[in-house]
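Asks:
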Amino acid sequence: MSKKNILWLYGELPKLVSKGVITADVSNKIHDYYGKIEKKDFGNMLLMIFAIMGGVLIGLGIILLFAFNWNDLGRPLRTILSFLPLLISQGLVIFTLLKKRESPAWREGTATFLMLAIAAAIALIGQTYNIPGDLESFLLTWMLLSIPLVYICDVNIVSLLYLIGITCWAGYAQAEGRQAALFWPLLLLLFPRALLKFKENRYSNTSIYLGWTIVLCLTVATGITLEKVLPGLWMIVYSSFFALLYLAGSLWFREAPAIIQRPFHSTGTVGTIVMAYLLTYNWPWEEIGWYNIRYEDRFHHTAAYLDYGITLVLILLTVILLIYSVLKNKKINLFLGLFPALTIGGYLLISTFLDDNWEISGSEGPVLLTIHLVMNFYILAVGVISILWGVKTRKIALLNGGSLIIALLIALRFVFVESFFENLIVRGLIFILIGAGFLIANLIFSSILKKGESHE
Amino acid sequence: MNKQYIPLIAFTILAIIQLVIPASMIFRSEKALTTGQSYLIRVRPVDPYDVFRGRYVTLANEGFNYRDIPEDSRSLLKEGSHFYALLGVDEEGFAYIRDISLDIPEEDYLKMEYNLDGVVVNPFDRFYLQQDVAPKVEKAFNEAGWNKTEATYISVRIKDGVGVIEELFILGMPVEEIIRELSDEAKSDDEKLKPPSE
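For the protein sequence lines, the chains are A and B, in the order given. In terms of my numbering, the first sequence opens at residue -19 and continues consecutively. In terms of my numbering, the second sequence opens at residue 7 and continues consecutively.
(1) Tell me, to the nearest whole angstrom, how far the beta carbon of residue 102 of chain A is from that of residue 122 of chain A; I am working on the premise that it is less than 8 Å.
(2) Does the separation of the CB atoms of residue 291 of chain A and residue 204 of chain A fall below 8 Å?
(3) Pick from B/64, B/87 and B/108: whose alpha carbon is nearest that of residue 79 of chain B?
(4) Against chain B, does residue 92 of chain A count as a neighbour if the rule is that its beta carbon must be under 8 Å from one of theirs?
(5) Going along the chain, which unbroken runs of the alpha helix (DSSP H) with 4 or more residues stay wholly within the stretch 336 to 394 of chain A?
(6) Name the chain B residues whose beta carbon is nearer than 8 Å to that of residue 66 of chain A?
(7) Hey, would you say residue 143 of chain B sits closer than 8 Å to residue 72 of chain B, going by beta carbons?
(8) Note down the Cα distance separating residue 214 of chain A from residue 305 of chain A, rounded to an integer number of angstroms.
(9) Give the secondary structure of residue 422 of chain A by DSSP, where H, G and I count as helix, E and B as strand, and everything else as coil.
(10) If I follow the unbroken alpha helix (DSSP H) through residue 87 of chain A, where does it start and stop?
(11) Name the two residues that bound the continuous alpha helix (DSSP H) containing residue 173 of chain A.
(12) At a CB-CB cut-off below 8 Å, which residues of chain B make contact with residue 77 of chain A?
(13) Specify the secondary structure class of residue 85 of chain B as computed by DSSP and reduced to three states.
(14) For residue 45 of chain B, count neighbouring C-beta atoms within 10 Å of its own C-beta (all shown protein chains included) and say buried if the count is 16 or more, exposed if not.
(15) Does the contact criterion of 3 or more C-beta pairs under 8 Å hold for the stretch 251 to 258 of chain A versus the stretch 350 to 362 of chain A?
(16) Could you give the residue range of the alpha helix (DSSP H) that holds residue 297 of chain A?
(17) Cβ atoms of residue 231 of chain A and residue 308 of chain A: under 8 Å apart, would you say?
(18) Using the DSSP secondary-structure output, state which residues sit across from residue 101 of chain B in a beta bridge.
(19) Could you round the C-beta distance between residue 76 of chain A and residue 90 of chain A to whole angstroms and report it? I think they count as a contact, below 8 Å.
(20) At a Cβ threshold of 8 Å, is residue 158 of chain A touching chain B?
(21) Residue 50 of chain B bridges to which residues according to DSSP?
(22) Distance, Cα to Cα, residue 330 of chain A vs residue 324 of chain A?
(23) Please list, in chain order, the chain A residues whose beta carbon lies closer than 7 Å to that of residue 67 of chain B.
(24) Can you look up residue 115 of chain B in the DSSP assignment and give me helix, strand or coil?
(25) Please name the residue in A/378, A/261, A/246 and A/82 whose C-alpha comes closest to that of residue 348 of chain A.
(26) Using a Cβ-Cβ cutoff of 7 Å, what residues of the stretch 123 to 136 of chain A are near chain B? List them in chain order.
(27) Taking Cβ positions only, does residue 338 of chain A come closer than 8 Å to chain B?
(28) Since I believe residue 66 of chain A is in contact with residue 25 of chain B (beta carbons under 8 Å), could you give me their beta-carbon distance rounded to a whole number of angstroms?
(29) Rounded to whole angstroms, what's the CA-CA distance from residue 266 of chain A to residue 238 of chain A? Just pull it up for me.
(30) Is it the case that the Cβ atoms of residue 211 of chain A and residue 268 of chain A are separated by a distance below 8 Å?
(31) Compile a chain-ordered list of the residues in the stretch 165 to 176 of chain A whose CB is closer than 7 Å to at least one CB of chain B.
(32) Which of helix, strand or coil does DSSP assign to residue 161 of chain B?
(33) Using a Cβ-Cβ cut-off of 8 Å, state whether residue 31 of chain B counts as contacting chain A.
(34) Quick one: what's residue 44 of chain B bridged to in DSSP?
(35) Which one or two residues does DSSP pair with residue 264 of chain A in a beta bridge?
(36) Against chain B, does residue 193 of chain A count as a neighbour if the rule is that its beta carbon must be under 8 Å from one of theirs?
Here you go:
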């Protein structure tokens, strides 16, 4: 039961005892069973937020003060001033470790100030000596000098900034034509911290912020770090990635009441459905597979092994979690969890069709049509199952989500169609058939519900 | 050892590393500025209509591009790796790439990069200026004329492959002097506009 529900129950217990619904003894036993719930200490949170904002503003303010007469100062003085924020912030961290180690506000504020001061020092020195702009190496140096603070000072803001920083680094590295494979070992540096926080309390604010940042950075960085030598592999990678997020969220982070508190589950669900919609169109399936491997100079074939490695690891982890879901009797997870299987099947089918000519009338036409139909029916099935599951578990969000999925599918098929479904008569007939199917289902469910009520 | 001192010791080591990294940047640059050989390099602003991005001038060098490398040496270049540019000085006193080497040469050289896109990376691509003087210097650039590369150049000091910009020159004048002259002009214009005291 979530903390919120337990607190509500504790609030109800005195009323129930006074009205004689339960005895005082039973009330105590309930208290003992669920244990002590620590309420959020909003006082401490406020101190922490103010400390972080204070650290950031002081750091930025010092930089702006220097900027005022910067050019009038000689180079030696500018060099000394470049170090000043760094030295001040390091002194504050030492003071915190000696005297204020128990205060999260002090730790977060001083560590964040130090992280910004590192960047300021390197940037100001670069400006003083007109050192050529190399944002990639600046970001990498900054992040590597900052990550130890997460463990030494036991802080969270620095870990969030680190995740964003290494994702930006990966983006710049790839944009400059280099390889961003180093992103993965950099991410692993934060892994022990993330594991510790999730083990302590996976539903705490820290864990939720960390979870969202990890999920969003991974969503961006996964695509960036792919070398894309083998066209279309991204479909399998992202299908597996989102399925993995969904399964992990469903298995280990399911008890949070609100969607915003379930980053893995929410992102996995939305990502899988968006992928499914995308793959109902032709353009992702065009010119993919090993017969279309890219050989231009800008693609590094050695780095392509990273793509294959990522793909295999993601598929393997997804399979493991699918099996685990079945063993834990959570078969409902299979509906979204098995989506990568559809993508892999479609990819293998299309890839094996040798055809230099991508006309729909070619031999790959029936294959594309099959994939298109399978994807559409899959989305329809997910929508229907969400509605039914929402009714069974009395969860409005599932019911609404399922309805939205089907409504969007109908809208897309009505407006944005391709090739074989451009024929209005074909579309019209399909819509009528599916609509009739819903009405018949409605009649069947109505009679089942009526029978159920009459038995009661 | 008391466990509570472990974070302190770890942080001390980290703090030293955090200081050493920027300090090494300063050391390399200062070594070039104080003991390096001086060279003049022709430059032109990269985007004439937006020369100043933020707080610096974006520069393109003349004499340090791929086409300036002797043809028979270009085959030595490998994408995504560094090379050493051997420097020459033309009749007008401006530096250029005379030849290249993959090993550290005995004579003056500049360490440069040939990136994965097949471009020789510009080692002197920016010159920082304060935000409020940038419009004045941009005006001076405009008056110098975009095509007259002799009018604009930088002086650099090069030592052990590291090059540091000393000054930016427009129409042969250091940019600091131009800024001072423009500031004096602005002050005297302000004086003329003031009403005479009664």
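C-beta atoms are modelled at their ideal positions from N, C-alpha and C, and glycine is treated no differently. If you're wondering where the values come from, they're calculated on a predicted model, not measured in any experiment.
Replies: Working from what's here:
(1) What you label residue 102 of chain A is simply residue 122 of the first sequence in a count that begins at 1. What you label residue 122 of chain A is simply residue 142 of the first sequence in a count that begins at 1. With 8 Å as the limit, residue 102 of chain A and residue 122 of chain A qualify as a contact, their Cβ atoms being about 7 Å apart.
(2) For the purposes of this step, residue 291 of chain A is identified with residue 311 of the first sequence, where counting begins at 1. For the purposes of this step, residue 204 of chain A is identified with residue 224 of the first sequence, where counting begins at 1. Not in contact: residue 291 of chain A and residue 204 of chain A (Cβ atoms no closer than 8 Å).
(3) Within the second sequence, residue 79 of chain B is the residue found at index 73, counting from 1. If we check each option's Cα against that of residue 79 of chain B, B/108 comes out closest.
(4) Residue 92 of chain A sits at position 112 when you count from the first residue of the first sequence. Chain B, which has no Cβ nearer than 8 Å to the Cβ of residue 92 of chain A, makes this no.
(5) 345 to 373
(6) Taking the first sequence and counting its residues from 1, the one referred to as residue 66 of chain A is at position 86. Simply 24, 25 and 28.
(7) To locate residue 143 of chain B, count along the second sequence from 1; it is residue 137. To locate residue 72 of chain B, count along the second sequence from 1; it is residue 66. Contact flag unset, no.
(8) For the purposes of this step, residue 214 of chain A is taken as residue 234 along the first sequence, with counting starting at 1. For the purposes of this step, residue 305 of chain A is taken as residue 325 along the first sequence, with counting starting at 1. Looking at the two C-alpha atoms, the distance is approximately 25 Å.
(9) Residue mapping note: residue 422 of chain A aligns to position 442 of the first sequence, counting from 1. Helix at residue 422 of chain A.
(10) What you label residue 87 of chain A is simply residue 107 of the first sequence in a count that begins at 1. Here the alpha helix (DSSP H) through residue 87 of chain A covers 84 to 108.
(11) Sequence index remark: in the first sequence, residue 173 of chain A carries index 193 (1-based). First-last of the alpha helix (DSSP H) with residue 173 of chain A: 171 to 180.
(12) Along the first sequence, one-based indexing puts residue 77 of chain A at 97. Simply 13, 14 and 17.
(13) For the purposes of this step, residue 85 of chain B is taken as residue 79 along the second sequence, with counting starting at 1. Coil.
(14) To locate residue 45 of chain B, count along the second sequence from 1; it is residue 39. Buried is the call here.
(15) yes
(16) Start at 1 with the first residue of the first sequence, and residue 297 of chain A comes out as number 317. Unbroken alpha helix (DSSP H) run through residue 297 of chain A: 284 to 307.
(17) For this step, residue 308 of chain A is matched to residue 328 along the first sequence. For this step, residue 231 of chain A is matched to residue 251 along the first sequence. In contact: residue 308 of chain A and residue 231 of chain A (Cβ atoms closer than 8 Å).
(18) Here residue 101 of chain B is taken as the residue at index 95 of the second sequence, counted from 1. Beta-bridge pairing links residue 101 of chain B to B/95.
(19) Along the first sequence, one-based indexing puts residue 76 of chain A at 96. Along the first sequence, one-based indexing puts residue 90 of chain A at 110. Confirmed, Cβ separation roughly 5 Å.
(20) The residue labelled residue 158 of chain A in the question sits at position 178 within the first sequence. It does; some Cβ of chain B falls within 8 Å.
(21) Here residue 50 of chain B is taken as the residue at index 44 of the second sequence, counted from 1. Note: residue 50 of chain B sits in a beta bridge opposite B/66.
(22) Looking up residue 330 of chain A in the first sequence gives position 350. Looking up residue 324 of chain A in the first sequence gives position 344. When rounded, the distance between both Cα atoms is 10 Å.
(23) Counting from one through the second sequence, the residue named residue 67 of chain B turns up at place 61. Those do not exist, as residue 67 of chain B stays about 11 Å from chain A at its closest Cβ, beyond 7 Å.
(24) For the purposes of this step, residue 115 of chain B is taken as the residue at position 109 of the second sequence. Strand.
(25) Locating residue 348 of chain A in the first sequence gives position 368, counting from the first residue. Of the listed residues, the one whose Cα sits closest to residue 348 of chain A is A/261.
(26) 125, 128 and 132
(27) Position 358 of the first sequence, counting from 1, holds the residue named residue 338 of chain A. Caution applies to residue 338 of chain A, whose pLDDT of 48 falls short of 50 and renders its modelled position unreliable; the model cannot decide the point.
(28) The count along the second sequence starts at 1 and reaches residue 25 of chain B at position 19. The count along the first sequence starts at 1 and reaches residue 66 of chain A at position 86. Yes, they are in contact, since the Cβ atoms of residue 25 of chain B and residue 66 of chain A sit about 7 Å apart, within 8 Å.
(29) For this step, residue 266 of chain A is matched to residue 286 along the first sequence. For this step, residue 238 of chain A is matched to residue 258 along the first sequence. Each residue's alpha carbon lies about 39 Å from the other.
(30) Residue numbering aside, residue 211 of chain A sits at position 231 when the first sequence is read from its first letter. Residue numbering aside, residue 268 of chain A sits at position 288 when the first sequence is read from its first letter. It is a contact, given that the beta carbons lie within the stated cut-off.
(31) none
(32) Residue mapping note: residue 161 of chain B aligns to position 155 of the second sequence, counting from 1. If DSSP states are grouped into helix, strand and coil, residue 161 of chain B belongs with the strands.
(33) Position 25 of the second sequence, counted from the start, is the residue given in the question as residue 31 of chain B. By this cut-off, residue 31 of chain B is an interface position.
(34) Locating residue 44 of chain B in the second sequence gives position 38, where the first residue counts as 1. In the DSSP output, where bridge partners are listed per residue, residue 44 of chain B has B/163.
(35) Along the first sequence, read from residue 1 onward, the residue named residue 264 of chain A stands at position 284. Its beta-bridge partners do not exist; DSSP assigns none.
(36) Numbered from 1 along the first sequence, position 213 holds the residue referred to as residue 193 of chain A. No, residue 193 of chain A lies away from the interface with chain B (no Cβ there is under 8 Å from its Cβ).
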